[in-house]
Amino acid sequence: MADLLAQFPANDLLPLRIGKAALEAVDPGTLTSLSPFGDEAALSDALQSAMGVALPKPGRSTAKDGTRCIWFGRDTALLIGPQPAAALADHGAVVDVSDGWAAVSLSGAASVDVLARLVPLDLRPATFKIGHTARCQVQHMAASITRTGADAFLILAFRSMIGSLVHDVKQAMAAVASRG
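Per my numbering, numbering through the sequence shown is continuous, rising by one, with the last residue being 296.
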């Protein structure tokens with residue numbers, strides 16, 4: 117039997133550095149969708165006890181020691197990093213969605229300007245602070261954007277669309293760089 121190795125779907129396209137922005141592939145670890153069985157507090161408490169992070173409020177994320185949990189829609193959070201603790205399944209639906217999503221990091225002083233060309237949201241630091249997250253469109257693609265640092269964003273998109281995402285971000289990076 118052949119040994120299969122997991123690969124990022126756009127390995128030949130990344131990393132990119134254009135002007136004051138960088139786009140890189142991210143290995144997020146396991147991506148797990150969490151949805152409470154009614155009592156959100158019980159799932160949040162179990163998540164805090166087992167993984168060290170609580171369920172985030174809408175539009176927010178929580179993170180600690182390589183584990184991140186981001187709001188992913190109504191009654192849904194996405195646990196990023198390690199395998200989820202088995203105890204979480206007592207309090208909510210726990211579904212591995214790792215194969216459906218790909219992650220990239222956009223960073224650098226021009227990152228907000230790059231995203232401003234692609235996203236219909238105000239992602240400036242005064243409005244979209246570290247730990248804020250949004251499900252939104254990036255050009256024509258459904259995505260999730262989380263601010264992870266002063267000039268850094270985690271972008272999740274459907275795995276099948278990551279080539280288009282890289283293309284669109286690359287064009288925006290070049291357009292922003294051409295201004296300077």
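The beta-carbon is built from N, C-alpha and C at its ideal position, and this holds for glycine as well. Computed from a predicted model, the values in this text were never measured in an experiment.
Below 8 Å on the Cβ atoms is my contact criterion, and I expect GLY247 with ARG233 to pass it. Report the Cβ-Cβ distance as a whole number of Å.
Translated into positions along the sequence shown, residue 247 becomes position 131. Translated into positions along the sequence shown, residue 233 becomes position 117. Their Cβ separation, rounded to whole angstroms, is 24 Å, which puts GLY247 and ARG233 out of contact at 8 Å.
Proximity winner among ALA138, PRO131, LEU171, relative to SER149 (alpha-carbon distances)
Position 33 of the sequence shown, counted from the first residue, corresponds to residue 149. Distances from the CA of SER149 to each of ALA138, PRO131, LEU171 were compared; the closest alpha carbon is that of LEU171.
CA-to-CA distance, ALA219 to VAL142, given in whole angstroms
Taking the first residue of the sequence shown as position 1, residue 142 is located at position 26. Taking the first residue of the sequence shown as position 1, residue 219 is located at position 103. Distance from the CA atom of VAL142 to the CA atom of ALA219, rounded to whole angstroms, is 5 Å.
Look at the Cβ atom of ALA225, then the Cβ atom of ASP161, and state whether they are nearer than 8 Å.
Within the sequence shown, numbered from 1, the residue matching residue 225 stands at position 109. Within the sequence shown, numbered from 1, the residue matching residue 161 stands at position 45. Contact: no.
I'd like to confirm the pairing. Which residues does DSSP put opposite ASP212 in its beta bridges?
Working through the sequence shown from its first residue, we reach residue 212 at position 96. Within the DSSP bridge table, the entry for ASP212 names THR148 as partners.
Determine the contact status of ASP229 and VAL292, defining contact as a CB-CB distance below 8 Å.
For the purposes of this step, residue 229 is taken as residue 113 along the sequence shown, with counting starting at 1. For the purposes of this step, residue 292 is taken as residue 176 along the sequence shown, with counting starting at 1. The criterion of a C-beta distance shorter than 8 Å is satisfied by ASP229 and VAL292.
Return the chain-ordered list of same chain residues with a C-beta closer than 8 Å to the C-beta of ARG275, the five sequence neighbours on each side being excluded.
Along the sequence shown, one-based indexing puts residue 275 at 159. By the criterion of a C-beta distance shorter than 8 Å, ARG275 is surrounded in its chain by PRO125, ASP215, GLY216, TRP217, ALA218, once the five residues flanking it on both sides are discounted.
Range covered by the alpha helix (DSSP H) that runs through SER221:
Counting from one through the sequence shown, the residue named residue 221 turns up at place 105. For SER221, no alpha helix (DSSP H) segment is defined; the enclosing uninterrupted segment is the beta strand (DSSP E) at 217–223.
At 3 residues or longer, and completely inside the region 253–292: list those beta strand (DSSP E) runs for me, N to C.
Within the region 253–292, the runs of beta strand (DSSP E) at least 3 residues long that lie entirely inside it are, in chain order, 257–265, 268–274.
How many whole angstroms separate the CB atoms of LEU129 and MET289, which I take to be in contact at a CB cut-off of 8 Å?
The residue labelled residue 129 in the question sits at position 13 within the sequence shown. The residue labelled residue 289 in the question sits at position 173 within the sequence shown. Contact doesn't hold; Cβ gap of about 12 Å is too wide.
Verify whether the separation of the beta carbon atoms of GLY145 and ILE196 is less than 8 Å.
Translated into the one-based positions of the sequence shown, residue 145 becomes position 29. Translated into the one-based positions of the sequence shown, residue 196 becomes position 80. Yes.
What does the alpha-carbon distance come out to for the pair LYS136 and LEU237?
Reading the sequence shown from its first residue, position 20 is the one you call residue 136. Reading the sequence shown from its first residue, position 121 is the one you call residue 237. Cα-Cα distance, rounded: 21 Å.
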